[in-house]
Amino acid sequence: MQSQSNIERQVMASVAVIYVARKLLSHTALEVYVFAASLFAIWKLVWVTRVLQNFSTAEHNGLNAVGNYLLVAVSHTNIAVQLTLLVGALAFISLLVDFVRSISFSRSLAF
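Its first residue numbered 2, the sequence shown is counted upward by one per residue in the numbering used here.
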């Protein structure tokens, strides 16, 4: 078998670059990027260890106390934190929807 010519290598390299670019810019990848960026932003905007300590205290008081804590904690935050939480939640929900669709699609192909 002959080795690839120079033009064949260039074409294959171009195909590989396009393939990688499409994967990196796919809808699911963009959802992951947005979710990761929102987690990072929350980490920078909020004192997460203190929030988790307060959450564990509320957790010992039952489910109603947890719901009340989450409502009060979110409503008493900065608008930037609220928007970041909203964007992160939407990205997470979108990832879950994609995951459920992929599972249901693969199941429909199996039967």
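For every residue, glycine included, the Cβ atom is placed at its ideal position computed from N, Cα and C.
These figures come from a predicted structure and were not determined experimentally.
Along the length of the segment 11-66, whole alpha helix (DSSP H) runs at least 4 residues long occupy 28-46 and 49-60, reported in chain order.
Put simply, of F36, Y70, S57 and N62 the residue whose alpha carbon is nearest the alpha carbon of L87 is F36.
A straight line joining the alpha-carbon of G68 with that of A17 spans about 49 Å. Here G63 is exposed. Its C-beta has fewer than 16 other C-beta atoms within 10 Å.
Around the Cβ of A81, a 10 Å sphere holds fewer than 16 other Cβ atoms; the residue is exposed.
T85 is a Cβ neighbour of S39, given a cutoff of 8 Å. With distances taken between CA atoms, Q83 lies nearest to A42 out of S103, A42 and Q54. Between E32 and S95, the CB-CB gap stays under 8 Å.
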